[in-house]
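*Asks:* Please find one structure pasted underneath; my questions will follow.
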Amino acid sequence: MNEFVAPEIDWLALAPLIVVLGAGVVGVLLEAFVPARARRVTQIVLTLAALAGSVAFVAVLWPQIVAQPVQVVGGSVTLTPFALGAQGIIAVLAFLGVLVVADRTATGQDAFAPTAAAVPGTSYEDLARRSGLEQTEIYPLLLFAAGGMMLFAATDDLIVMFIALEVLSLPLYVLCATARRRRLLSQEAAAKYFLLGAFASALFIFGVALIYGFAGTVRLLEIAQAVQQGGLPLEGMTGLLVAGVLLVTVGLLFKVGAVPFHAWTPDVYTGAPTPITGFMAACTKAAAVAALVEVLYRISIGVQAVSPETMRQLQVVIVVVAVLTMAVGTVIGSVQTDVKRLLAYSSIAHAGFLLVGIAGFSSQVQSSTLFYLLAYGVATIGAFAVVTLVRERRVTAGAGEDNGPVEDDGVVLGEATEIAQWAGLGRKAPWLTAAFALFLLSMAGIPLTAGFIAKFGAFSGATSGGLWWLAVLGVIASVVAVAFYLRLLVVMVFQPAPITPGVEPAEGEVLTSAAGEGSAGEVGEAAAGGVATATKVQATAAQRVVVTVVRSRGPAAVAIAVCAVATVILGVFPSLVLNLAAEASKFVP
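In the working numbering, the protein residues as written are 245 to 833.
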């Protein structure tokens with residue numbers, strides 16, 4: 245009878261993951277045992293401490309992993325410099341995202357419904373709101389999602405990758421349905437994300453089954469070795485491998501938000517709570533792109549050596565998806581009238597730019613991809629943090645309408661996301677406008693910003709792989725994208741605030757519409773429909789809806805400042821991060 249031999253586990257190598265996932269478990273226990281009055285603060289401190297600790301462990305492990313990559317738990321977690329770098333980026337972006345999630349503006353409310361499970365518009369929801377209930381379960385869910393993302397980017401096992409995919413996805417499905425305002429839109433976004441995500445997961449695991457049928461293993465390096473050792477003698481077996489890799493790639497491209505698997509992105513980004521949108525846009529894309537690089541590049545090691553024709557077919561698929569993604573993201577993004585949808589199509593376009601570099605299958609792609617994910621992530625979180633502070637507000641004529649605390653003289657509604665509503669914000673909130681402009685310019689790839697260095701690296705990866713024409717298309721798409729970024733900036737800085745005849749906006753506010761004697765809920769519904777719907781309400785001097793920049797009580801303002809500084813530093817002095825990214829270019833143990 246054989247005795248069980250426990251495997252030796254390098255617990256330090258797992259520390260970045262253990263800290264985040266362990267804190268998520270502790271957060272669930274806090275929900276049961278910590279008094280309600282102290283629960284929110286405790287959860288925020290625990291979440292930020294866990295993510296900061298994860299970044300610290302990544303820094304401690306970095307010299308060791310650069311010198312010698314390690315496989316932990318029999319290869320279930322493979323710590324290479326590339327994987328560790330991706331984990332560090334995800335932890336940093338998650339930390340900044342949690343700062344935005346934790347923010348309470350001058351309204352005294354966060355972005356989440358008091359009871360997300362309540363049916364919108366019911367008396368139960370009204371009672372929960374009046375009782376001041378809070379959804380502190382948000383923070384353990386964020387930790388589980390971040391932990392799943394970190395595992396997703398650092399595993400050599402396709403089954404473990406699938407488990408990590410579900411661990412990161414399920415909390416996000418729930419979080420998308422928790423918006424305080426526009427509740428039906430939020431729940432619709434969660435339903436779409438869940439259904440389409442379930443299809444993507446099914447395709448992913450079916451692809452894993454096909455790959456296992458070909459190689460007899462689900463370890464990426466062993467799959468590559470099986471291809472090299474056995475060759476591809478049978479056309480049927482070649483088709484099995486190609487079909488499996490394509491299905492796995494489809495599952496990953498769904499999370500990346502690439503065309504034609506992008507349909508969920510605009511609706512989910514618009515309906516989800518804005519802080520969660522920023523968290524998803526930055527962190528999920530970082531994890532999915534890192535996993536995509538791991539899968540494609542490791543399998544390509546064996547395929548390229550044995551069957552260059554099969555490798556060319558795989559490359560053609562990535563190139564076609566990259567071209568379609570850039571085209572859809574830039575063309576459709578240029579006609580958007582909603583800020584969140586514009587940023588959603590911007591995210592799609594950036595997925596295309598990332599795929600341009602990946603399609604080159606060159607040695608420098610790993611380092612340029614990590615830099616791109618960091619540069620895009622900080623700009624995206626900063627941009628969505630700005631959106632959370634630009635709100636619609638119902639005010640009554642005669643109230644003290646200065647730029648003071650909003651709870652003194654009006655009912656604050658949801659975010660003002662229509663681009664037309666942002667007219668004149670440059671005069672009202674110059675520093676916030678400057679930060680938002682910096683983020684948009686970085687996304688556009690303007691020199692002296694992080695986005696320029698990131699796009700240069702991605703396009704260089706395509707040219708080094710012989711796809712110079714694809715890099716040219718990327719440059720053209722970037723030029724087109726500049727147009728809709730600048731259009732938003734022109735509206736904010738150069739267009740005057742809209743004026744309704746007979747109603748003058750107060751100092752520090754932008755007038756968008758007026759409301760009669762309806763309830764706050766009716767005004768909220770008008771606001772949810774945008775400017776076109778709101779202007780249908782009969783204008784009177786008694787009440788009106790204005791756009792105001794609410795004051796952040798700390799976390800969101802800190803996140804915006806850090807993201808702005810990081811965008812400038814990465815654009816002007818990128819050498820330090822580029823050197824670290826170059827060390828991370830080794831991704832095979």
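The C-beta atom is built at its ideal place from N, Cα and C for all residues, glycine as well.
Which word fits Phe258, buried or exposed, when buried means at least 16 other C-beta atoms lie within 10 angstroms of its C-beta?
*Replies:* Going by the sequence as given, residue 258 is Leu instead of Phe. Leu258 should be labelled buried.
*Asks:* If you follow the beta strand (DSSP E) that Gln315 is part of, which residue opens it and which one closes it?
*Replies:* 314 to 316
*Asks:* Between the C-alpha atoms of Leu490 and Tyr456, what's the straight-line distance to the nearest angstrom?
*Replies:* Linking Leu490 to Tyr456 through their CA atoms gives a straight-line distance of about 14 Å.
*Asks:* Enumerate, from N- to C-terminal direction, the unbroken alpha helix (DSSP H) stretches of 4 or more residues contained entirely within the segment 554 to 624.
*Replies:* 583 to 603
*Asks:* Can you name the start and end residues of the alpha helix (DSSP H) that Leu256 belongs to?
*Replies:* Premise fails: Leu256 is in no alpha helix (DSSP H) and is neither H nor E.
*Asks:* Name the residue from Gln610, Phe683, Phe628 whose alpha carbon lies nearest to the alpha carbon of Ala826.
*Replies:* Gln610
*Asks:* Leaving out five residues on either side along the sequence, give the residues of the same chain with a beta carbon under 8 Å from the beta carbon of Asp798.
*Replies:* Reading the sequence as shown, one finds Gly at residue 798 and not Asp. So the qualifying residues of the chain are Asp347.
*Asks:* Measuring CA to CA, which of Val302, Val345, Ala398, Ala487 is closest to Val533?
*Replies:* Ala398
*Asks:* Of the choices Val452, Cys527, Val567, whose alpha-carbon is the least far from that of Leu711?
*Replies:* Of Val452, Cys527, Val567, the residue nearest in Cα terms is Val567.
*Asks:* Which value, in whole angstroms, describes the spacing of the CA atoms of Ala721 and Leu669?
*Replies:* One Cα belongs to Ala721, the other to Leu669, and the distance between them is close to 28 Å.
*Asks:* Could you tell me whether the Cβ atoms of Ala595 and Ala502 are closer together than 8 Å?
*Replies:* Taking C-beta atoms as the reference points, Ala595 and Ala502 count as a pair closer than 8 Å.
*Asks:* According to DSSP, simplified to helix, strand and coil, what is Ala423?
*Replies:* strand
*Asks:* Helix or strand or just coil, what does DSSP make of Glu432?
*Replies:* helix
*Asks:* If contact is defined by three or more beta carbon pairs under 8 Å, each pair taking one atom from either stretch, is the segment 513 to 532 in contact with the segment 428 to 447?
*Replies:* yes
*Asks:* Considering only the alpha carbon of each residue, which of Thr359, Ile467, Thr574 lies closest to Ala725?
*Replies:* Thr574
*Asks:* Whole angstroms are fine: how far does the CA of Gly332 sit from the CA of Leu822?
*Replies:* 14 Å
*Asks:* Does Thr792 come out as helix, strand or coil in the three-state DSSP assignment?
*Replies:* strand
*Asks:* Measuring alpha carbon to alpha carbon, tell me which of Gln353, Val806, Arg463, Ser578 ends up nearest Gly626.
*Replies:* Val806
*Asks:* Run through the DSSP bridge pairs and tell me what Asp401 is partnered with.
*Replies:* Arg463
*Asks:* In its own chain, which residues sit with a C-beta less than 6 Å from the C-beta of Gly392, not counting the 5 before and 5 after it?
*Replies:* Ala408, Val411, Leu412
*Asks:* Among the residues of its own chain, which have a CB less than 8 Å from the CB of Glu252, if the five just before and after it don't count?
*Replies:* none
*Asks:* Quick one: what does DSSP say Glu766 is sitting in, helix, strand or coil?
*Replies:* In this prediction, Glu766 scores a pLDDT of 35, lower than 50, which makes its location untrustworthy; the coordinate-derived value is nonetheless stated afterwards. Helix.
*Asks:* Does Arg374 pass the burial test, meaning 16 or more other C-beta atoms within 10 Å, or should it be called exposed?
*Replies:* exposed
*Asks:* Apply the 10 Å Cβ neighbour rule to Gly508 and answer buried if 16 or more other Cβ atoms are within range, or exposed otherwise.
*Replies:* According to the sequence as given, residue 508 is Trp; it is not Gly. So Trp508 ends up on the buried side.
*Asks:* If you follow the beta strand (DSSP E) that Leu323 is in, where does it begin and where does it stop?
*Replies:* 321 to 323
*Asks:* Are Ser320 and Pro260 closer than 8 Å when you measure CB to CB?
*Replies:* no
*Asks:* Would Gly601 and Gly701 qualify as a contact pair, given that the criterion is a beta-carbon distance under 8 Å?
*Replies:* yes
*Asks:* Considering only C-alpha positions, which residue in the set Pro279, Ile449, Leu439, Ala487 is nearest to Met555?
*Replies:* Checking every option, the nearest Cα to that of Met555 belongs to Ala487.
*Asks:* I need the straight-line Cα distance from Phe458 to His506, nearest angstrom please.
*Replies:* Rounded to the nearest whole angstrom, the C-alpha separation of Phe458 and His506 is 29 Å.
*Asks:* Tell me which same chain residues have a C-beta within less than 8 Å of the C-beta of Gln559, skipping the five on either side of it?
*Replies:* Ala603, Phe605
*Asks:* Give the straight-line distance between the Cα atoms of Ser708 and Arg283, rounded to the nearest whole angstrom.
*Replies:* 53 Å
*Asks:* Reducing DSSP to helix, strand and coil, say where Val278 ends up.
*Replies:* coil
*Asks:* Within the segment 467 to 517, note down every full alpha helix (DSSP H) run reaching 4 residues or more, in order along the chain.
*Replies:* 479 to 500, 508 to 515
*Asks:* DSSP three-state call for Val241: helix, strand or coil?
*Replies:* In the structure as shown, the chain starts at 245 and stops at 833, and residue 241 therefore has no counterpart that could be examined.
*Asks:* Expressed to the nearest angstrom, what Euclidean distance is found between the alpha-carbon atoms of Arg425 and Val452?
*Replies:* 40 Å
*Asks:* Keeping to the same chain, check which residues put their C-beta closer than 7 Å to that of Thr349; ignore five residues upstream and five downstream.
*Replies:* Leu633, Val794, Arg795, Ser796, Arg797
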